[in-house]
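In my numbering, the protein residues as written are 29 to 186. Ideal Cβ placement from N, Cα and C applies to all residues, glycine included. Everything numeric in this text was worked out from a predicted model, so none of it was measured. Reading through the structure tokens given below for one structure.
The structure is reproduced here in structure tokens:
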């Protein structure tokens, strides 16, 4: 019994078909489990990659300073639907646990106020299509963090 065809032109097709047959069950399992992986690159809207990285670094520095006990002068709010367990966690604990480098979406929010620049970030701790953190970060005119509002919410209907 021949597994691979003898003709040299058919070999690439046979390899592709074999790979599809091997990976198909894995793909079907992931879809049946409702697993949706985040995009391989961060989704940006209204800002450059450098601006997004600078924002992430500001948030990480704020986390480090807060962990170290350094006074941080920005408002920090977190909440969720009343019945979700995330309402039992303090805003500070939520903020300290978010791995901001894993945020999959960052959007510069339009504003008419020249003193404030809001950004909206999305972090899905258990994968896309599931509950996620909608994070609004507001920078002041000096570029410092003025406010972080984190809301744990269900995904948009698909």
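Boundaries around residue 121 are those of the alpha helix (DSSP H), 119-125, since no beta strand (DSSP E) includes it.
Beta-carbon to beta-carbon, residue 160 and residue 136 are separated by about 19 Å, too far to satisfy the 8 Å threshold. Annotation: the continuous alpha helix (DSSP H) that includes residue 78 extends over 77-96. Judged by DSSP in its simplified three-state form, residue 130 adopts helix. DSSP links residue 177 through a beta bridge to 105, 164. Counting only the Cα atoms, residue 131 lies some 20 Å from residue 102.
Its Cα nearest to that of residue 106, the residue 177 stands out among 90, 186, 177, 112.
Out of 157, 150, 154, 98, the CA that lies nearest to the CA of residue 84 is found in 150. In chain order, 173 place their CB closer than 7 Å to the CB of residue 86, counting only its own chain and leaving out the 5 sequence neighbours on each side. According to the DSSP assignment, residue 159 belongs to no beta strand (DSSP E), since it is labelled neither H nor E. The beta-bridge partner set that DSSP reports for residue 73 consists of 135.
Distance from the CA atom of residue 114 to the CA atom of residue 78, rounded to whole angstroms, is 32 Å.
Contact between residue 88 and residue 94 is absent: CB atoms are separated by about 11 Å, not below the 8 Å threshold.
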